[in-house]
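Structure, as structure tokens:
There are 2 protein chains.
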Amino acid sequence: MGHAPRTRQGGIPLYRRIATELWERIQNGTLRPGDRMPSEPELATEFEVNRLTVRQAIVELQRLGAVEIRRGTGTFVAAPPDLVEIIARIPAPAPDDDATHAALAGHSDGVVETLLPTRPLLRVEERIEAVTEASGRYGELAARELGVPLADLFRLDTVMVRSGQAWIVNSYWFPRRLEGVVEALGEHGMVIATLRDGLGLDLSYRWRAFSAVAADYHEARLLDVPTGTALLVRDGVTADAAGAPVFYVRRRLRGDNAKFVLRYGA
Amino acid sequence: MGHAPRTRQGGIPLYRRIATELWERIQNGTLRPGDRMPSEPELATEFEVNRLTVRQAIVELQRLGAVEIRRGTGTFVAAPPDLVEIIARIPAPAPDDDATHAALAGHSDGVVETLLPTRPLLRVEERIEAVTEASGRYGELAARELGVPLADLFRLDTVMVRSGQAWIVNSYWFPRRLEGVVEALGEHGMVIATLRDGLGLDLSYRWRAFSAVAADYHEARLLDVPTGTALLVRDGVTADAAGAPVFYVRRRLRGDNAKFVLRYGA
DNA sequence: AAGTGGTCTAGACCACAAA
DNA sequence: TTGTGGTCTAGACCACTTG
Numbered sequence: 520m521g522h523a524p525r526t527r528q529g530g531i532p533l534y535r536r537i538a539t540e541l542w543e544r545i546q547n548g549t550l551r552p553g554d555r556m557p558s559e560p561e562l563a564t565e566f567e568v569n570r571l572t573v574r575q576a577i578v579e580l581q582r583l584g585a586v587e588i589r590r591g592t593g594t595f596v597a598a599p600p601d602l603v604e605i606i607a608r609i610p611a612p613a614p615d616d617d618a619t620h621a622a623l624a625g626h627s628d629g630v631v632e633t634l635l636p637t638r639p640l641l642r643v644e645e646r647i648e649a650v651t652e653a654s655g656r657y658g659e660l661a662a663r664e665l666g667v668p669l670a671d672l673f674r675l676d677t678v679m680v681r682s683g684q685a686w687i688v689n690s691y692w693f694p695r696r697l698e699g700v701v702e703a704l705g706e707h708g709m710v711i712a713t714l715r716d717g718l719g720l721d722l723s724y725r726w727r728a729f730s731a732v733a734a735d736y737h738e739a740r741l742l743d744v745p746t747g748t749a750l751l752v753r754d755g756v757t758a759d760a761a762g763a764p765v766f767y768v769r770r771r772l773r774g775d776n777a778k779f780v781l782r783y784g785a
Numbered sequence: 520m521g522h523a524p525r526t527r528q529g530g531i532p533l534y535r536r537i538a539t540e541l542w543e544r545i546q547n548g549t550l551r552p553g554d555r556m557p558s559e560p561e562l563a564t565e566f567e568v569n570r571l572t573v574r575q576a577i578v579e580l581q582r583l584g585a586v587e588i589r590r591g592t593g594t595f596v597a598a599p600p601d602l603v604e605i606i607a608r609i610p611a612p613a614p615d616d617d618a619t620h621a622a623l624a625g626h627s628d629g630v631v632e633t634l635l636p637t638r639p640l641l642r643v644e645e646r647i648e649a650v651t652e653a654s655g656r657y658g659e660l661a662a663r664e665l666g667v668p669l670a671d672l673f674r675l676d677t678v679m680v681r682s683g684q685a686w687i688v689n690s691y692w693f694p695r696r697l698e699g700v701v702e703a704l705g706e707h708g709m710v711i712a713t714l715r716d717g718l719g720l721d722l723s724y725r726w727r728a729f730s731a732v733a734a735d736y737h738e739a740r741l742l743d744v745p746t747g748t749a750l751l752v753r754d755g756v757t758a759d760a761a762g763a764p765v766f767y768v769r770r771r772l773r774g775d776n777a778k779f780v781l782r783y784g785a
């Protein structure tokens, strides 16, 4: 049977009290980045609770990005993220301002000057993950934005890899007349470069937008993060030289990993 | 004792199999927004697992934003979010372009034309949450960006309320010479408006940036969301007419609630 | 082999909301 | 009062990593 219920001060659950206690040890430096936390059995003894209760606290700290759990090894205080700033200058880039253009597009592609990582940046590559029919909420958004029927679109999913690690998950909705981009990708390495150099398109932005989501199963698997991790989303519509919309793109990045910066003036 | 271990296909945990099964029922429309899910005991019977296992699945779906759990009542398929688009036009606003200025600042303040909610927008208000010493990671960032010692700064925390609901959590780092803004806030309602109209400052952007974080305990409480919810962050430095940096601000919004849009060209 | 985290069970008691 | 979700326990077995 259950046990004598412990008095809970202020109705705050035990696991939350343990989590905030550990959180404060991290905030005030009692536990430092890289430090190994006591094991779950040890914490259970220290706080005089069941191991499952202490585990609930630790998993919450993991979701907050405060600790990193390594199966079979232990739990460690998380290190500050390896932040990459993707910088754009405002006023808007002319269509031929490649550096700014690429920076806003969210890839480097030879313009590493606009990427300011805290560690040296290695090569970014983009690999195809899937080519599928357009459908669902974003497929319908794409059809609306591009002014074509849903059936005239296809979806291209890719993953950008930086320093060997999955960095950005991209989904493009293209009109079928651009299906050639899939074949041509190998030559130019990146989708935007392929459109520009391979297919000769002169691209410019219609709009770009920023939002945030919790990683779903698909995104979590591709980015190798826990389900529900906070992701930064940058979606938008790109047009050709005549101003006609060409494709809709939706990029998802680990929120603690990258930052889009808009600099104003000179 | 434990039971005969169930065969786990492909090593996928039971709770994950249940979660993805329910996820698909939601995606394919078997369960529709607003529908009530079967109760935890019912699901436990259906899937022939312990209630705690089914609960682990449901909580995961809650973190994905797929369901909404109402204590004492039941669990419901989440409705599409009440999205507000905050729109700015590029090239950059002149300092006197109030509408665009306010849109980028992330508040309405009489320029509701630039806010396009899916439902009618009610009044936005900003209330003071706390005034504290500057410290920590962002305090140090602010001191660096503003070029003043940490001790010369103070921090102002506010919450913007829209339609009666907490919408944006703001943290401002100001030089102490601007402490008057706290007293003057009541008259003008919003911090930026107070700086402009009350203190006569002519403000413009140095930079703005977008990132994403998981809601910590403080943010989760103020926004009334679960700990770890994905938040969109927009931080930046604002300068005076002479181009000298004045303050650093960091705004956090529910990621499923708002979207910053940059429109290019006319 | 030993220790770590990951999953699952059975059972209990609680807080909350609606009837 | 009934049923819902929220928390907690004791115990078990598992997968993984490191000596």
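These protein sequence lines map, in sequence, to chains A and B. Position in the first sequence counted from 1, then plus 519, gives you the working numbering. Position in the second sequence counted from 1, then plus 519, gives you the working numbering. C-beta: ideal position from N, C-alpha, C; glycine also.
Output yes or no for whether 8 Å exceeds the beta carbon distance between T757 of chain B and V768 of chain B.
Position 238 of the second sequence, counting from 1, holds the residue named residue 757 of chain B. Position 249 of the second sequence, counting from 1, holds the residue named residue 768 of chain B. Against a cut-off of 8 Å, the Cβ pair of V768 of chain B and T757 of chain B comes out as a contact.
Please give me, in chain order, every unbroken run of the alpha helix (DSSP H) with length at least 4 that falls completely inside the region 650-694 of chain B.
655-665
Have a look at A:R574, A:R770, A:F729 and A:D759 and flag the residue whose alpha-carbon is nearest the alpha-carbon of L772 of chain B.
Counting from one through the second sequence, the residue named residue 772 of chain B turns up at place 253. When each option's Cα is compared against that of L772 of chain B, the closest is A:F729.
What residues in its chain sit with their C-beta under 7 Å from that of L704 of chain A, if we drop five residues either side in the sequence?
The count along the first sequence starts at 1 and reaches residue 704 of chain A at position 185. So the list reads I647, V710 and T713, once near-sequence residues are dropped.
Kindly indicate which residue of B:T594, B:T539 and B:P532 has the alpha-carbon position closest to the one of H737 of chain A.
Stepping through the first sequence from its first residue, residue 737 of chain A is reached at position 218. Looking at the Cα atoms, B:T539 is the closest of the given residues.
Three-way DSSP call (helix, strand, coil) for A712 of chain A in this model:
Counting from 1 along the first sequence, the entry for residue 712 of chain A is found at position 193. DSSP places A712 of chain A in helix when its eight states are reduced to three.
Three-way DSSP call (helix, strand, coil) for R590 of chain A in this model
For the purposes of this step, residue 590 of chain A is taken as residue 71 along the first sequence, with counting starting at 1. In the structure shown, R590 of chain A sits in coil (DSSP, three-state: anything other than H, G, I, E or B).
Entirely enclosed beta strand (DSSP E) segments - the region 742-776 of chain B, minimum 3 residues
749-758 and 764-773
Relative to the C-alpha of L781 of chain B, which candidate in B:R727, B:A653 and B:Q684 has its C-alpha closest?
Numbered from its first residue, the second sequence carries residue 781 of chain B at position 262. Cα-wise, what sits closest to L781 of chain B is B:R727.
Closer than 7 Å at the beta carbon, the chain B residues around L751 of chain A:
Within the first sequence, the letter at position 232 stands for residue 751 of chain A. Within 7 Å Cβ-Cβ: F729, S730 and A731.
State buried or exposed for R695 of chain A, treating a residue as buried only when at least 16 other CB atoms are found within 10 Å of its CB.
Position 176 of the first sequence holds residue 695 of chain A. That one is exposed.
For chain B, check one thing: does any of its Cβ atoms lie closer than 8 Å to the Cβ of L741 of chain A?
The residue labelled residue 741 of chain A in the question sits at position 222 within the first sequence. So, not an interface residue.
Answer with buried or exposed for N547 of chain B, where buried requires no fewer than 16 other C-beta atoms within 10 angstroms of its C-beta.
Counting from 1 along the second sequence, the entry for residue 547 of chain B is found at position 28. Exposed, because fewer than 16 other Cβ atoms sit within 10 Å of the Cβ of N547 of chain B.
Taking C-beta pairs closer than 7 Å, name the residues in chain B that E543 of chain A reaches, listed in chain order.
Position 24 of the first sequence, counted from the first residue, corresponds to residue 543 of chain A. The contacting residues do not exist; E543 of chain A stays about 10 Å from chain B at best.
Euclidean distance between Cα positions of A685 of chain B and L742 of chain B
The residue labelled residue 685 of chain B in the question sits at position 166 within the second sequence. The residue labelled residue 742 of chain B in the question sits at position 223 within the second sequence. Rounded to whole angstroms, A685 of chain B to L742 of chain B spans 5 Å at the Cα level.
Inter-residue Cα distance where the pair is D601 of chain B and S682 of chain B:
Position 82 of the second sequence holds residue 601 of chain B. Position 163 of the second sequence holds residue 682 of chain B. Roughly 11 Å separates the two Cα atoms.
Should Y534 of chain A go down as buried or exposed, given a rule of 16 or more other Cβ atoms within 10 Å for buried?
Looking up residue 534 of chain A in the first sequence gives position 15. With 16 or more other Cβ atoms within 10 Å, it is buried.
Checking contacts by CB at 8 Å: is L714 of chain B closer than that to chain A?
By 1-based counting over the second sequence, the position of residue 714 of chain B is 195. Output row for L714 of chain B: interface = no.
Roughly how many angstroms lie between the CA atoms of R725 of chain B and Y657 of chain A, to the nearest whole one?
In the second sequence, counting from the first residue as 1, residue 725 of chain B sits at position 206. In the first sequence, counting from the first residue as 1, residue 657 of chain A sits at position 138. Roughly 34 Å between the two C-alpha positions.
According to DSSP, is E604 of chain A part of a helix, a strand, or is it coil?
To locate residue 604 of chain A, count along the first sequence from 1; it is residue 85. In this structure, E604 of chain A counts as strand in the three-state DSSP scheme.
Please state whether DSSP places V568 of chain B in a helix, a strand or coil.
Taking the first residue of the second sequence as 1, we reach residue 568 of chain B at position 49. Coil.
Pull up the distance between the alpha-carbon of G774 of chain A and that of F693 of chain A, whole angstroms please.
As a position in the first sequence, residue 774 of chain A is number 255, starting the count at 1. As a position in the first sequence, residue 693 of chain A is number 174, starting the count at 1. Those two C-alpha atoms are separated by around 26 Å.
Which residue comes first and which comes last in the beta strand (DSSP E) that contains R555 of chain A?
Taking the first residue of the first sequence as position 1, residue 555 of chain A is located at position 36. Neither: R555 of chain A is in no beta strand (DSSP E) and is coded neither H nor E.
Buried or exposed: L750 of chain A, going by 16 or more other Cβ atoms within 10 Å of its Cβ?
Position 231 of the first sequence, counted from the first residue, corresponds to residue 750 of chain A. So L750 of chain A ends up on the buried side.
Sheet register partners of V573 of chain B (DSSP bridge)
Locating residue 573 of chain B in the second sequence gives position 54, where the first residue counts as 1. None; V573 of chain B has no bridge partner.
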